[in-house]
Amino acid sequence: MDQKVLVLNGDYTAITLCSVQKAFVLLFLDKAEMVAKSEHGVLRTISHAYPKPSIIRLQRYVRVPYKGIALSRHNIFKRDHFECQYCGSTKNLTLDHVVPRSRGGESSWTNLLTACARCNHAKGHHTPNEAGLTIRQPPKKPTLAGFLKLSAGTIDQNWHAYLN
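Right, dumping it as structure tokens:
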């Protein structure tokens with residue numbers, strides 16, 4: 001039951017992911033409706049079997065002030081798929097400033113990336129070009145839909161229409 005359920009707002013925009021248990025409670029209390037069922041089993045009680053939700057939609061529109069994805073170490077690692085953006089290693093990961101802080105580089109989505117300790121040390125206080133390193137995927141700020149895809153792990157086929 002560690003599957004995730006995509007939660008849509010009243011206007012069918014994706015707002016978050018929740019557990020199957022939380023989605024079932026929202027459905028049971030008539031605070032949401034089921035948009036798509038999961039192909040992976042059912043939820044059983046003593047006397048009933050209920051389809052497992054894959055996508056639910058809230059009955060009422062909820063105003064969600066979008067503040068963006070929080071800039072954190074874990075979220076940067078997640079965006080970069082837990083791989084060094086210079087060599088592809090998955091061991092001894094650290095954060096690296098593309099433009100070093102000693103040269104005025106700030107901590108932002110477009111200036112931070114995941115690097116292994118070896119590449120980060122080799123780069124030092126230089127830019128990647130000066131250090132002879134190539135960035136595999138330039139750092140950019142993730143979108144909410146893209147980040148929900150990363151957070152979900154496995155994505156249900158039904159979700160694609162709402163996350164694109």
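Reminder that position 123 of the sequence shown reads as 123 in full-length UniProt numbering, one-by-one numbering, no gaps.
We put the CB at the ideal spot given by N, CA and C, even for glycine.
Everything numeric in this text was worked out from a predicted model, so none of it was measured.
- Per DSSP, the unbroken beta strand (DSSP E) holding residue 54 starts and ends at 49-58.
- Excluding sequence positions up to five before and after residue 136, its CB lies within less than 6 Å of the CB of 85, all in the same chain and listed in chain order.
- Distance check between residue 67 and each of 130, 98, 15 and 38 places 15 closest, using alpha-carbon atoms only.
- Judged by their CB atoms, residue 91 and residue 119 are not nearer to each other than the 8 Å cut-off.
- Within the region 80-135, the complete alpha helix (DSSP H) runs of at least 4 residues fall at 117-123 and 128-131.
- With fewer than 16 other Cβ atoms from the protein chains shown falling within 10 Å of its own Cβ, residue 70 counts as exposed.
- Going by C-alpha positions, residue 21 is about 38 Å away from residue 138.
- With a beta-carbon spacing of about 6 Å, residue 27 and residue 34 fall inside the 8 Å limit used to define contacts.
- Shortest Cα-Cα distance from residue 10 to any of 55, 156, 39 and 104 involves 55.
- With distances taken between CA atoms, residue 157 lies nearest to 53 out of 30, 128 and 53.
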